[in-house]
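Worksheet for the structure shown next.
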Amino acid sequence: MNYFIVVKVVGILLILEAAFMVPAQLIAVYYNQSDKIAFLVSILIIAAIGFLMTRVKTSNKKIRTKEGLAIVAFGWALSAALGALPLVISGSVPSYIDAFFETVSGLTTTGATILDDIEALPRGILFWRSFTHWIGGMGILVFTVALLPIFGVGGFQIFKAESPGPVADKIVPRIKDTAKILYITYISLTGIEIILLTFGGMSLYDAALHTFGTVGTGGFSTRNASIGAFDSTYIHLVITVFMIISGANFSLYFALYKGKWRDVVKNEELRLYLLIIFVSTLLIGTNLYFTFFDRGGILFRDAFFQVGSIITTTGYTTVNFDQWPTFSKNILFILMFIGGSAGSTSGGMKIIRVLVLLKLIKREVAKIFHPRAIVPIRIQSKPLSGDATASISSFVVLYLTVFIVGTILISLEDIGLESAASSVAVTLGNVGPGFGFVGPTRTYSEFSNFSKMVLSALMLIGRLELFTIIALLAPKYWRNEN
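When you line the sequence shown up against our numbering, it's residues 443 to 924, in that order.
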């Protein structure tokens, strides 16, 4: 392990984090609120630590898999640990563990909060909370990759370790150009949604912050009632559409730009993603209609919004879906595990893995009747390698194992199986709100410090795709790395 290059790159990451705090500092100064000093002090501390870390001398600037994994894991953890400083110094969140939980939730785009009165926070703090979604959504480390060549450091291993999904492919041959394309798409979607939300009557401030949470699939809002505070079908539909757009594979938008419409239309993952959204919305909307017998159009609108919010792991809410019928809640619970597409800002297990599992089941059924048949698993008409199939199967088993262990640990709170299971499902899947103890109208403030740290760890593990953390815990394999 080349510890020096790990320290150096994480130092660059911290300097970027300090720079990302500047807009929040400017907002705090503009509104002349109490958090302006907190941001100034935090920026200086984080920048100083990052600068000292970049001064580390190393002759070997090659980043192998193990260095990439270490940079990603320690980079996210340290960014969250130091990103919590403004919340503590300003007094917005007196407890450091609570502030750490809130910042981890922001950077991992989970959207789970310990704050009971969000609207009482200073505007700079509110901006920073939501902005962490935006910088964490595509991955601050992908942004770092685009800058690493300036420092003479290669970054594909970081990109592979951080990218959400089973396979991290370069869109174009140079990884720096891939990162740029991703961010051009990301920034473009951000700008378009802000404009559309302001047309719907939102202030520029609210439009920007809710866009950060939408495009980053995070879920922090400026209102206690989340998106439900805006009684506008237009605003609800705009946010729903952009959540779904952000939950799709971003490489598809580059394909559209290149005029490869047929490739996008035939994309199996995208088709399954949209099919799940359509069927889930139809089932929940129908269930709600026959349960409440009125407000038909509004019920289907709310069903569409919540399905889009949960499957993309954004976590915004328009209604208290914890009061919905059990049938509808069960569908949402399943969507919490599925998540969005690989190569998107969403969490969860990812649609591509579900697609492969369905094809595996289909193959096993076929082999009952034709035991000697060789039936390859194909994605986009290309056979999937045995290693890739095994990796996906292993990931699902590991994901469910972590879910079970996490549920057992949270059960120590004695809060009931539904609450314990959903709190783990929504933090591991980076969703945010769940059922019961962590329902849409509740917060995580009532959990013990132990449970908050467990849930924080689950958010990081979920964001880093499990294998990144597991690989770091198995150093004996590093010695044989090629």
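Ideal Cβ placement from N, Cα and C applies to all residues, glycine included.
Residue(s) in a DSSP beta bridge with K824: I821
7 Å Cβ shell around L568 - same chain, five flanking residues per side excluded: L651 and T664
For R820 and Y472, the rounded distance between their alpha carbons: 55 Å
Taking 7 Å as the limit between beta carbons, can you name the residues of its chain near I531, skipping five residues before and five after? A480, V483 and S484
Within the same chain, show all residues whose beta-carbon is closer than 7 Å to that of Y538, passing over the 5 residues directly before and after it, in chain order. A526 and V530
State the start and end residues of the unbroken alpha helix (DSSP H) segment that holds T885. Segment: none, T885 is in no alpha helix (DSSP H) and carries neither H nor E.
Have a look at K801, T760, N762 and I718 and flag the residue whose alpha-carbon is nearest the alpha-carbon of S776. Checking the displayed sequence, the identity of residue 776 turns out to be Ile instead of Ser. It is I718.
Distance, Cα to Cα, E635 vs R571? 19 Å
Collapsed DSSP secondary structure at S816 in the structure displayed: According to the sequence as given, residue 816 is Ile; it is not Ser. It is coil, neither helix nor strand.
Straight-line gap, I852 to V880 (C-alpha atoms, nearest Å): 12 Å
Is the number of C-beta pairs between the region 680 to 699 and the region 734 to 753 that are closer than 8 Å three or more? yes
Measuring straight from C-alpha to C-alpha, what distance separates A515 and V452? 10 Å
For L541, report the span of its alpha helix (DSSP H) as first-last. A small fix is needed here, since residue 541 is Ala in this sequence, not Leu. Unbroken alpha helix (DSSP H) run through A541: Y538 to L549.
What span of residues does the alpha helix (DSSP H) with I488 cover, start to end? D477 to T496
Do you know offhand how far I752's Cα is from M778's? 6 Å
Can you grab the Cα-Cα spacing for the pair Y855 / V707, in whole Å? The residue asked about is misnamed: residue 855 is Glu in this sequence, not Tyr. Cα-Cα distance, rounded: 47 Å.
Taking only the alpha-carbon atoms, compute the straight-line gap between G757 and F845 and give it to the nearest angstrom. 19 Å
If we ignore side chains and look at the alpha-carbon of each, how far apart do F462 and M644 end up? 24 Å
Kindly indicate the opening and closing residues of the alpha helix (DSSP H) around Y695. S693 to Y699
Within a Cβ cutoff of 7 Å, which residues of the same chain sit near S890, ignoring the five residues on either side of it in sequence? E855
Beta-carbon separation (whole angstroms), T551 vs G579, contact threshold 8 Å: 5 Å
Nearest-angstrom Cα separation, counted from D764 out to G727: 15 Å
Buried or exposed by the 16-neighbour rule on C-beta atoms within 10 Å, applied to W703: exposed
Using 8 Å as the threshold, is the C-beta distance between T760 and G658 below it? no
By alpha-carbon positions, which one of A460, L714, Y676 and F877 ends up nearest to N691? L714
So for V749, helix, strand or coil by DSSP? helix
Quick one: what's got a C-beta closer than 8 Å to L908's C-beta in the same chain, skipping five residues either side? F837, L840, Y841 and V844
Let's test the definition: count the other Cβ atoms within 10 Å of the Cβ of F662 and tell me whether it reaches 16, buried, or not, exposed. buried
N709: buried (16+ other C-beta within 10 angstroms of its C-beta) or exposed? buried
Give me the Cβ distance between G660 and G789, rounded to the nearest whole Å; I'm assuming they're in contact under 8 Å. About 10 Å; that fails the 8 Å criterion.
May I have the straight-line CA-CA distance separating L716 from I686, to the nearest angstrom? 9 Å
Going by DSSP in three states, M895 sits in which element: helix, strand or coil? helix
Count the other CB atoms within 10 Å of the CB of V866; is the residue buried (16 or more) or exposed (fewer)? buried
Beta-carbon within less than 6 Å of T545's beta-carbon, same chain only, minus the 5 sequence neighbours each way: which residues are those? A522, G525 and A526
So, N762 versus P882, is the Cβ gap smaller than 8 Å? yes
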